[in-house]
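Residue numbers (our numbering): -15 to 92. Cβ coordinates follow ideal geometry from the N, Cα and C atoms, glycine included. Nothing here was measured: the structure is a model prediction, and the numbers come from that model. Right, one structure below, let's go through it.
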Amino acid sequence: SLLSPSQSASFFGIFSMPMWLTPFSSLLLTQIIVPQASFIAHLSGIIVGILIGLGLFAWITPFWFVSFFLWSLLFLLVSLKLTTHIPLPFIHLPPEFDPSSTAPSLYG
């Protein structure tokens, strides 16, 4: 529908609208029915879907996907180790980064 904007969608034979507008009408309908739903999150999903439809993420091969996933997982685990008391015995940080250490801190 992104590549052929002349298509239209008919709603119960009452009215029709261009196909590219249907995600936004769904967003508005969702906000009317469920006002507590996250408008920004749904709008972000629509924007990312449009970008995927346009082929902007075609360069993401399995190699890049796995690399991004593993780096994200590493950053998540290190962040959990630094900010929570969740035991992660397989992650060892230098004393200057370990909040439970008595060594001098980087932040003074």
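Taken through DSSP and simplified to helix, strand or coil, ALA(-7) comes out as strand.
In the structure shown, the three-state DSSP call for PHE(-1) is strand. Ranked by Cα distance from LEU12, the options PHE23, LEU77, TRP55 are led by PHE23.
Taking 3 residues as the shortest admissible run, the segment 1 to 47 contains no complete beta strand (DSSP E) segment at all.
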